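Colleague:
2 protein chains.
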Amino acid sequence: MTTAGPGLHDQVLDTLGLAITAGEYPPGSVIRTDEVAQRFDVSRTVVREVVRVLESMHLVESRRRVGVTVLAIEEWNVFDPRVIRWRLDGADRPRQLRSLTMLRSAIEPVAAGLAARNATAEQCAELTACALGMVSTSRGQQLPEYLRHDIAFHRVILTASGNEMFARLGDVVAEILTGRTHHQVMFDDPDPAAVTLHVEVAGAVREGDAERAERITREITVGALAELDVLAPDPSA
Amino acid sequence: MTTAGPGLHDQVLDTLGLAITAGEYPPGSVIRTDEVAQRFDVSRTVVREVVRVLESMHLVESRRRVGVTVLAIEEWNVFDPRVIRWRLDGADRPRQLRSLTMLRSAIEPVAAGLAARNATAEQCAELTACALGMVSTSRGQQLPEYLRHDIAFHRVILTASGNEMFARLGDVVAEILTGRTHHQVMFDDPDPAAVTLHVEVAGAVREGDAERAERITREITVGALAELDVLAPDPSA
DNA sequence: GAGATCTAAACGTCATACTTTTTCTTGCCG
DNA sequence: CGGCAAGAAAAAGTATGACGTTTAGATCTC
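Read top to bottom, the protein sequences are chains A and B. Be aware that the first sequence starts at 1, since it is given in UniProt numbering, and climbs by one per residue. Be aware that the second sequence starts at 1, since it is given in UniProt numbering, and climbs by one per residue.
1) Of all the alpha helix (DSSP H) runs that stay within the bounds of the UniProt domain "HTH gntR-type" (6-73) of chain A, which reach a length of 4 or more residues?
2) For F79 (chain A), go through chain B and note every residue whose CB falls closer than 7 Å to its CB, in chain order.
3) Sorted by chain position, which residues of the same chain lie with C-beta nearer than 8 Å to V12 (chain B)'s C-beta, five sequence neighbours on each side aside?
4) Taking L147 (chain A) and L100 (chain A) to be in contact with their CB atoms under 8 Å, please state how far apart those CB atoms are, rounded to whole angstroms.
5) Who are the neighbours of I107 (chain A) on chain B, taking C-beta pairs under 8 Å?
6) Leaving out the 5 sequence neighbours to the left and right, which residues in its chain are closer than 6 Å to A111 (chain A) when beta-carbon positions are compared?
7) Return yes when the Cβ of T33 (chain A) is within less than 8 Å of the Cβ of V68 (chain A), no when it is not.
8) Exposed or buried, what is T137 (chain B) when buried is set at 16 or more other beta-carbons lying within 10 Å of its beta-carbon?
9) P233 (chain B) by DSSP, collapsed to three states: which one?
10) Checking 8 Å against the spacing of the C-beta atoms, do P109 (chain A) and V70 (chain A) come in under that value?
11) Closer than 8 Å is the cut-off here; do at least three beta carbon pairs connect the stretch 190-209 of chain A with the stretch 89-107 of chain A?
12) Is any beta-carbon of chain A found at less than 8 Å from that of E211 (chain B)?
13) Among B:R218, B:D188, B:L54, B:N118, whose alpha-carbon lies nearest the alpha-carbon of P81 (chain B)?
14) Whose CA, out of B:E227, B:G17, B:G133, B:H154, lies closest to the CA of R168 (chain B)?
15) Over the uninterrupted alpha helix (DSSP H) stretch that includes G133 (chain B), give me the two end residues.
16) Please compile the residues from chain A whose C-beta is within a distance smaller than 8 Å of the C-beta of V110 (chain B).
17) If you follow the alpha helix (DSSP H) that W86 (chain B) is in, where does it begin and where does it stop?
18) Under the rule that 16 or more other beta-carbon atoms within 10 Å means buried, what is V173 (chain B), buried or exposed?
19) Using a Cβ cut-off of 7 Å, pull out every chain A residue sitting near V53 (chain B), in sequence order please.
20) Quick check: what's the CA-CA separation for Q141 (chain B) versus M134 (chain B)?
21) Please report the distance separating the alpha-carbon of G208 (chain B) from that of V60 (chain B).
22) Which residues in chain A have a C-beta closer than 7 Å to the C-beta of I73 (chain B)? List them in chain order.
23) So S62 (chain B) contacts chain A; which residues on that side make the cut at Cβ distance below 7 Å?
24) Under 8 Å, Cβ to Cβ, is there at least one residue of chain A near S43 (chain B)?
25) Does the beta-carbon distance from A116 (chain B) to A213 (chain B) come in below 8 Å?
26) Please check if any C-beta of chain B sits within less than 8 Å of the C-beta of E122 (chain A).
27) What in chain B is Cβ-close to E49 (chain A), meaning under 7 Å?
28) Is there a Cβ of chain B sitting closer than 8 Å to that of S99 (chain A), yes or no?
29) Nearest to T128 (chain B) by alpha carbon, out of B:H149, B:N118, B:W86?
30) Can you give me the C-alpha to C-alpha distance between T120 (chain B) and F79 (chain A), rounded to a whole angstrom?
31) Pop quiz: W86 (chain B) and G179 (chain B) are said to be a contact at Cβ under 8 Å. What is the actual Cβ separation, rounded to whole angstroms?
32) Look at the Cβ atom of T221 (chain B), then the Cβ atom of R104 (chain B), and state whether they are nearer than 8 Å.
33) Please return the same chain residues whose Cβ sits closer than 8 Å to the Cβ of R215 (chain B), not counting the five positions on each side in sequence.
34) Around the C-beta of A106 (chain A), are 16 or more other C-beta atoms found within 10 angstroms, so that it is buried, or is it exposed?
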C-alpha cells in the first residue's frame, strides 16, 4: 500500500524513500542524481526535487562534489508520515509498530484527560456514538465495522484533546488498529472488556472527569502494549 | 534564530515557511511560483524545489491551473522539526510551546520507564554525570551551565528509552528548556526540589526501577506543565 | 438555460548551459 | 621525504527556454 499519487515526482520519491528506509542503501551510501535520473528515465529536474524532499526528511544529505549520502536512522525524521508509511511497508515494520504503539500508549491517556476538559458537546456526542457503534458491532463477525468505529473513537479523543500534535497521531493509531485487526485476530470477536473500557472513557469525557478518562485509557493502551509481542516480536528477544 | 544554511533554496524555503506558519498567508491563499521567483529574484528551479518541500510538509498543495494553495493547520506536519522551529520563531510561539510541553509531559515519563529497563551501563553513567552536573551548577548564577546539563540529562533519558521516535524529541525538550531559562527565571537559581528529582530519576534508572523512574519523571513534567501559564499564557483564557 | 467544447493559465517535465563548491591529484619547495 | 599549495575534475547548484498536461472557466451550440 503506497501513497504515491500520479506524477513522476511521487513515483520516484516513493521508490527511493522505500528503498532507503528498508535499508537497501546503508548509511553512508552515496547516490548520484544522474544515475537515478537514468535509472528511472526521468530528467534531473525531477530527481533534484525528490532529493530535496528526502533531504527535508533527513533521510539523505546532499553535498557538492560528493553526491547524495544516506544518513543514519538517528537522523531521520521518524515522525514524518511518509517515513512511517515506508517503514511500515518495508522490512522495518515490526520495529516501527513497536515504536508507534509505545508512542500511542504514552499519548492517548494524556489526550483523553485533555479531552475530558476540552471536548465540545458535539465531540462528546460523536464519541458516545462511536462507543455505541463498537458495542453493537462487537459480536458476530463484524470486524470491519468494529474497526471503523474503533478508529473513529480514538480519532475523536485525539482531536478533542485540543492539541494539534496529538490530533496528528490519529493516522498512526488508525494504522496500528488496522494492522492489529488484519494480522492477529481476524477471526475472533473483540475482547468484551476492551469494548466496555471504551464506553467508560466516553462516559468519563462526557462528565468531564479527566482523571478517570486518563486512567481508563491507560488500561486500553496497556492492552495494546501487551499485544505487541504477538504483532511485532521484539527482535532482541 | 533560523536554521537556513547557505544556498538560495534554504533562504527561500525558510522565508516562505516562516511566513506561512506565521499566518501571513491564510489557508486557501494562492501563491504563484513565478511571482515567488520574481520576488526573491531566483530561478523557477529553486522555487519549484522549495514548493516541493513545503508540499511534503503539507503546508501547501500544488494544483495545476490554480497555483500553490496554503493548507489549514490541521493538515500540517506539525511534527516536522522545521515547522516546529518556524512556529516557535513566529507568532504561533505560545501555542506551539503549549503543545510541545504537553507532548513532552506525555512522553518523558514513559521514556524514563523504558530507560530504566534498557539503559546501558554507559548511559547510566552519563545520566548520573548529568544529574551531578546539575547539582553542582544549581547555585550561584550558573544558569547556562545548569541548562546544558539539564538538556543533556533529558536527551540521555529519551535516547536510552530505545525508542527512536522518543529519541527524536530531544531537540524539542532542549527547545523548551532553553525557552524556559531565557524567558522566565533568568535571574533565579533553579528549584532545588527539581534538582533532587533529577538525581532520583538517575538513581531509579541505574537500579532498573522502571516504575519509580516513570513516577518521578512525571513529577518533573507536572512542574513543566505548571509553568506553562507563565511561559505561554493560554490564549483562550 | 444546460451541456459540450474551446481556451488559456498554471504547474509539470525536459534539455542544456553554466556556476560553485569541494575533493583529489599533482607538483613544487623546503 | 614530507608537507603545502596550486590546479583540475567531479558533482551538485542555478538559470533559462521550450514544450506537455491538466483543469478552471469562458464560450458556443442546441
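Every residue, glycine too, gets a C-beta built ideally from N, C-alpha and C. None of these values were measured; they are calculated from a predicted model.
Modeller: Short version:
1) 8-21, 33-40, 44-56
2) F79, M165, R168
3) V36, F40, V42, V46, V47, V50
4) Between L100 (chain A) and L147 (chain A) the Cβ distance is about 17 Å, and since that is not below 8 Å, they are no contact.
5) L103, A106, I107
6) I157, L158, S161, F166
7) yes
8) buried
9) coil
10) no
11) no
12) no
13) B:L54
14) B:H154
15) 121-136
16) M102, S105, A106
17) 81-89
18) buried
19) R52, V53, S56
20) 12 Å
21) 46 Å
22) E164
23) Under the 7 Å cutoff, chain A gives no residues; its nearest Cβ is about 10 Å from S62 (chain B).
24) no
25) yes
26) no
27) R48, E49, R52
28) yes
29) B:H149
30) 25 Å
31) With 8 Å as the limit, W86 (chain B) and G179 (chain B) do not qualify as a contact, their Cβ atoms being about 15 Å apart.
32) yes
33) P109
34) buried
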